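See structure below.
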Amino acid sequence: MITVGITGYLGSGKSTVARLFLKKGAYVIDADKIVHRLLNVRTKVGKRLLKKFGKEILSTSGLIDRKKLAILGFSKRTNWSVLCRIIHPEVIREIKKELKKSLQRKRKVLVIDAPLLIEAGLDKMVDYVILVKANLKDCYKRAKLKLGISKDDFKRRVSFQIPFRKKLPYADFVIDNTKTLKFTERQVEEIWKKIISQ
46 MITVGITGYL
56 GSGKSTVARL
66 FLKKGAYVID
76 ADKIVHRLLN
86 VRTKVGKRLL
96 KKFGKEILST
106 SGLIDRKKLA
116 ILGFSKRTNW
126 SVLCRIIHPE
136 VIREIKKELK
146 KSLQRKRKVL
156 VIDAPLLIEA
166 GLDKMVDYVI
176 LVKANLKDCY
186 KRAKLKLGIS
196 KDDFKRRVSF
206 QIPFRKKLPY
216 ADFVIDNTKT
226 LKFTERQVEE
236 IWKKIISQ
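Quick note on numbering: the numbering used here labels position 107 of the sequence shown as 152, and the sequence is numbered without any gaps.
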C-alpha cells in the first residue's frame with residue numbers, strides 16, 4: 046500500500062485535495078476529524094486539556110468547546126506547544142490504528158490529511174508528502190468561512206506553523222491550489238499516475 050501525507054497552511058485546500066484522492070479510490074484519514082473525536086471530557090486528551098486550561102474551555106453543557114480551546118491554545122506560543130504535546134501523540138496513535146484498519150480494506154493508496162503533518166512528525170510515516178500551495182489571502186477567506194476566525198487569529202495560527210518555504214524540502218509533490226478546481230484536479234491526476242506506477 047502506498048501512503049501519502051497532505052499538508053499546507055490552514056485554508057490552503059488540503060481537504061479538497063484529499064477528497065480528489067478519495068474520488069480516485071484512496072482511503073483518507075482526516076487528522077482534524079480524529080482531533081474532534083479526542084476532544085471529549087472523558088478521553089485522556091480531554092482530561093489533560095481540562096487539567097491544563099481549566100473549565101474556561103467548556104461549553105455551558107459541560108463539553109469541550111473547540112472555539113474556546115482554540116482561542117486559548119492559539120493565544121500564545123507556549124499554550125500552542127502544550128496543546129500539541131497533549132494532542133499529537135494521541136492523534137498519531139489513532140492514525141496508526143486507522144493504518145492497520147486500512148490494510149484490511151485492500152486500497153492501493155492511503156492518504157493522511159493533516160495540517161501539522163510535518164510538525165507532528167507524521168511525514169516519517171508516509172511514502173510521499175504533498176504540500177498544497179495557496180496564497181494567504183485565499184487561505185484566510187476559506188478559514189474565515191469554515192471557522193469564523195478573525196484575520197489576526199488566522200495570522201497567529203499560521204505563524205505557529207513551519208513556514209511554507211521551510212516545508213518545501215519535505216515535499217515530494219507541490220500542488221498549486223491558486224487557480225481553478227480543474228487545475229487542481231489535473232495535478233492530482235498526474236500525481237496519482239506517478240505514485241501508482243511506482
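Don't be surprised by glycine CBs; every beta carbon is placed ideally from N, CA and C.
Note that the structure is predicted; figures quoted are calculated from it, not measured.
It is roughly 22 Å from the alpha-carbon of Arg138 to the alpha-carbon of Asn124. Between Ile74 and Ile157, the C-beta spacing is below 8 Å. For Arg201, the CB contacts under 6 Å within the same chain, skipping 5 residues up- and downstream, are Phe119 in chain order. Taking all protein chains in view, the Cβ of Pro160 is crowded by 16 or more other Cβ atoms within 10 Å, so the residue is classified as buried. Shortest Cα-Cα distance from Met46 to any of Tyr173, Asp217 and Ile116 involves Tyr173. In this chain, Leu167 is not harboured by any alpha helix (DSSP H), its DSSP state being neither H nor E. Lys182 counts as exposed, since fewer than 16 other C-beta atoms from the protein chains shown sit within 10 angstroms of its C-beta.
For the pair Ile140 and Leu167, the CB atoms are nearer than the 8 Å cut-off. The beta carbon of Arg152 sits closer than 6 Å to the beta carbons of Tyr72 from its chain, once the five residues preceding and following it are set aside; these are given in chain order.
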